[in-house]
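**Student:** What the sequence shown shows, in the numbering used here, is residues 3 to 134, in sequence order. Ideal Cβ positions, reconstructed from N, Cα and C, are used throughout, including at glycine.
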Amino acid sequence: MLLFSKPELDRVQVRQWRSRWFEEREKLSAAEEQQVTEKALMVLIKGILSDRPRPGTTKSFTVEQVVQIVAIACEECEKSDRPVSHWTPSELADEAIKRGIVEKISPRSVGRFLKRSDITTTSRSLLVKCQN
């Protein structure tokens, strides 16, 4: 008895790829008629078969911005002329805007960055973790 594994693509997916290929047939034919290089043809094919943009919001912050915000959290608050004893997400958001790292950012976003970094917002523990 033969056992069949589950197909990697279902009918809906196959139909989607077939439709994309069909929609782009004129571009492909024109490229072949113009005798484009094989490399150019491969770029065209990869573009046709690559994923389309998905719905949802795009990333609001670059990796560099996140790193800079986490770096601020590693600093002592007093060096930034903040009248607080430890960093809070709200204070960090304000400081990031003040330094021009970002135009705007919510304390919640800052909190998510810190949570992903596995650090807390108290300056003492941040300094210990940053020094290790």
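Which term fits F24, buried or exposed, when burial requires 16 or more other beta carbons within 10 angstroms of its beta carbon?
**Tutor:** Sequence index remark: in the sequence shown, residue 24 carries index 22 (1-based). The residue in question, F24, is exposed, as its Cβ has fewer than 16 Cβ neighbours within 10 Å.
**Student:** Where does the unbroken alpha helix (DSSP H) through V16 begin, and where does it stop?
**Tutor:** Residue 16 sits at position 14 when you count from the first residue of the sequence shown. Start and end: 13–25.
**Student:** Going by the beta-carbon positions, is the gap between L51 and W19 smaller than 8 Å?
**Tutor:** Residue numbering aside, residue 51 sits at position 49 when the sequence shown is read from its first letter. Residue numbering aside, residue 19 sits at position 17 when the sequence shown is read from its first letter. Yes, they are a contact pair.
**Student:** Count the CB pairs spanning the segment 69–82 and the segment 96–114 that are closer than 8 Å, and state whether there are at least three.
**Tutor:** Enough Cβ pairs lie closer than 8 Å, so yes.
**Student:** Can you check whether the CB of V86 is closer than 8 Å to the CB of E77?
**Tutor:** Stepping through the sequence shown from its first residue, residue 77 is reached at position 75. Stepping through the sequence shown from its first residue, residue 86 is reached at position 84. Contact: no.
**Student:** Just how far apart, CA to CA, sit E105 and E97?
**Tutor:** For the purposes of this step, residue 105 is identified with residue 103 of the sequence shown, where counting begins at 1. For the purposes of this step, residue 97 is identified with residue 95 of the sequence shown, where counting begins at 1. Answer to the nearest angstrom: the Cα atoms are 11 Å apart.
**Student:** Measure the alpha-carbon distance for V16 versus E10 and round it to whole angstroms.
**Tutor:** Within the sequence shown, residue 16 is the residue found at index 14, counting from 1. Within the sequence shown, residue 10 is the residue found at index 8, counting from 1. Computed Cα separation, rounded: 10 Å.
**Student:** Can you tell me whether R56 is helix, strand or coil according to DSSP?
**Tutor:** The count along the sequence shown starts at 1 and reaches residue 56 at position 54. Of the three classes helix, strand and coil, the one that applies to R56 here is coil, per DSSP.
**Student:** Quick test of your reading: P91 and V65, contact by CB under 8 Å. State the CB separation rounded to the nearest angstrom.
**Tutor:** Here residue 91 refers to the residue found at position 89 when the sequence shown is read from its first residue. Here residue 65 refers to the residue found at position 63 when the sequence shown is read from its first residue. Actually they do not touch by this definition, with Cβ atoms about 19 Å apart.
**Student:** Let's test the definition: count the other Cβ atoms within 10 Å of the Cβ of R22 and tell me whether it reaches 16, buried, or not, exposed.
**Tutor:** Counted from its first residue, the sequence shown places residue 22 at position 20. Burial call: exposed.
**Student:** Which class does R110 belong to by DSSP, given the choice of helix, strand or coil?
**Tutor:** Residue 110 sits at position 108 when you count from the first residue of the sequence shown. Note: R110 maps to helix in three-state DSSP.
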